[in-house]
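Quick look at the structure:
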């Protein structure tokens, strides 16, 4: 699902046909009224415009995308929220508010224009107590030129964030990967400025933490970080009291969205269509419910295992189409009157068939008598047939003559 506020991205069709009135205290200049115009991405036009405001407790977002520039994603004070493998685009203070939130393996995209003054601050936390934001194994990257932005360059270096107020506002970046920029004059540099943090919003806070950062530029800027922020040598905060875990920030049930989708995909398959379906069945049976968010990684592995098992399936080879069996050639009826003459003896066993003719070597007298008897019988039968035919003919002739006489 995509949440977008187009105000700082482009002129929408609706805005082009509407009226936008500038604040009396504003000074942003005259906005374009042409639909799809991207000139509003310029820093002089950018204004606070949230793509989403989260006010409900225990909110969970999986695989969502949030698009904005300034103040993209807001979370209210007193709520907890989980952002699982989401994509968040923004520039100025683009994740802000007093929520307790976990961003698990999210893409944090810097979305700035080419103006030198347009600098990104990923977070502007506002907690006065309790826990803050945990950015867990996230990736700091840039929008794609010509796709997400009208700029021809990737974003320039920005900051992990700046506290909303002094001595409050907790943010932890844990095992973060930071990509590079190709912005003019800073090619190959890290997307996070050496100082890492900035105090120009509300002051300094000792609750800005960083652990295990990996900068793909090859730089190691840990020694250059703001003096009031902390680069940790072990994954423990609060002066050694709290280990950095998902559960420490969001002690709720883990997000099973990806697992549920993987199980549905497996259940939609017919096991009989595949050579071996056991790996899929095993992966589905291995799913354990009710894990808390500190085991989110294990939950995601359950989903990955199911999908991997599905991907390795081999379909059964269909049986070849059988060749039709031809109809048997019918046996011709025997020629009338020849049955007695075609039944010979079986030469294979040397036995003599006394009823036949061919092959008879013994009892020839009996055979001749049988033949003679058959001839007498046939002659008598033939005579009877002729007699009946003659009677029938005389009868027909008599009837015919009688009808003629009348």
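Numbering (the working numbering), first residue to last: 171 to 576. C-beta: ideal position from N, C-alpha, C; glycine also.
Note the first and the last residue of the continuous alpha helix (DSSP H) segment covering residue 418. 416-419
Quick check: the Cα distance between residue 332 and residue 472, rounded to an integer number of angstroms? Residue 332 and residue 472: Cα-Cα distance of roughly 37 Å.
If you reduce the DSSP assignment to three classes, tell me which class residue 283 lands in. coil
Residue 378 and residue 367 - do their beta-carbons sit closer together than 7 Å? Cβ distance < 7 Å, so residue 367 and residue 378 count as in contact.
Given residue 308 as reference, the closest of 272, 346, 294, 286 once Cα atoms are compared: The shortest C-alpha separation from residue 308 is found at 346.
Can you tell me which of the three DSSP states residue 457 falls into? In the structure shown, residue 457 falls within a coil segment according to DSSP collapsed to helix, strand and coil.
Can you tell which of 219, 172, 233, 224 has its C-alpha closest to the C-alpha of residue 426? 233
On the three-state DSSP scale, how would you describe residue 472? Look at residue 472 here: in three-state DSSP terms it is helix.
Buried or exposed: residue 242, going by 16 or more other Cβ atoms within 10 Å of its Cβ? Flag for residue 242 reads buried.
Quick one: what's got a C-beta closer than 7 Å to residue 470's C-beta in the same chain, skipping five residues either side? 428
Neighbourhood of residue 171 by C-beta distance below 6 Å, restricted to the same chain and skipping five residues each side: 234
According to DSSP, residue 293 sits in a beta bridge with which residue or residues? According to DSSP, residue pairing for residue 293 in a beta bridge involves 265, 331.
Mind reading off the beta-carbon distance from residue 361 to residue 370? Whole number of angstroms is fine, and I expect it under 8 Å. Residue 361 to residue 370, Cβ: 19 Å. No contact.
Within this structure, are the beta carbons of residue 236 and residue 219 separated by less than 7 Å? no
Cβ-based neighbour list, residue 174, same chain, cut-off 6 Å, excluding 5 preceding and 5 following: Counting only residues of its own chain and dropping the five nearest sequence neighbours on each side, residue 174 has a CB closer than 6 Å to the CB of 221, 237.
Taking the Cβ atom as the reference point for each residue, do residue 313 and residue 349 lie within a distance shorter than 7 Å? no
Mapping the DSSP letters down to three states, classify residue 451 as helix, strand or coil. helix
Any 3 or more C-beta pairs closer than 8 Å across the stretch 429-444 and the stretch 452-469: Note that the stretch 429-444 touches the stretch 452-469; at least 3 beta-carbon pairs, one per stretch, sit closer than 8 Å.
With DSSP run on the structure shown, which of helix, strand or coil describes residue 257? strand
Member of 444, 454, 303 whose CA lies at the smallest distance from the CA of residue 437: 454
Skipping 5 residues on each side, what residues in its chain have a beta carbon closer than 7 Å to that of residue 493? none
Contact defined as beta carbons within less than 8 Å: I believe residue 380 pairs with residue 419. What is the distance between those atoms, to the nearest angstrom? Not really, about 15 Å apart at Cβ, beyond 8 Å.
Ordered along the chain, which non-local residues of its own chain (more than five positions away) have a Cβ less than 8 Å from that of residue 460? 423
Leaving aside the five residues before and after residue 395 along the sequence, list all residues of the same chain whose C-beta is less than 6 Å from its C-beta, in chain order. 366, 401
What is the C-beta distance between residue 297 and residue 339, in whole angstroms, given that I count them as a contact (C-beta under 8 Å)? Residue 297 to residue 339, Cβ: 6 Å. Contact.
Just checking my contact of residue 244 with residue 272 at CB under 8 Å: how many whole Å lie between their CB atoms? Wrong, their Cβ atoms sit about 16 Å apart, outside the cutoff.
Closest by CA to residue 265, which one among 255, 483, 305? 305
How would you call residue 440, buried or exposed, if buried means at least 16 neighbouring beta carbons within 10 angstroms? exposed
Tell me residue 485's beta-bridge partners as DSSP assigns them. Looking at the DSSP output, residue 485 bridges to 444.
Which residues bound the beta strand (DSSP E) around residue 223? 222-224
Cα-Cα, which of 405, 383, 358, 474 is closest to residue 433? 474
Within 7 Å, strictly: CB atoms of residue 325 and residue 282: yes
Closest by C-alpha distance to residue 303, when choosing among 319, 344, 445, 386: 344
Using the DSSP secondary-structure output, state which residues sit across from residue 362 in a beta bridge. Note: residue 362 sits in a beta bridge opposite 328.
What's the call for residue 288, buried or exposed, on a 16-neighbour Cβ count within 10 Å? With 16 or more other Cβ atoms within 10 Å, it is buried.
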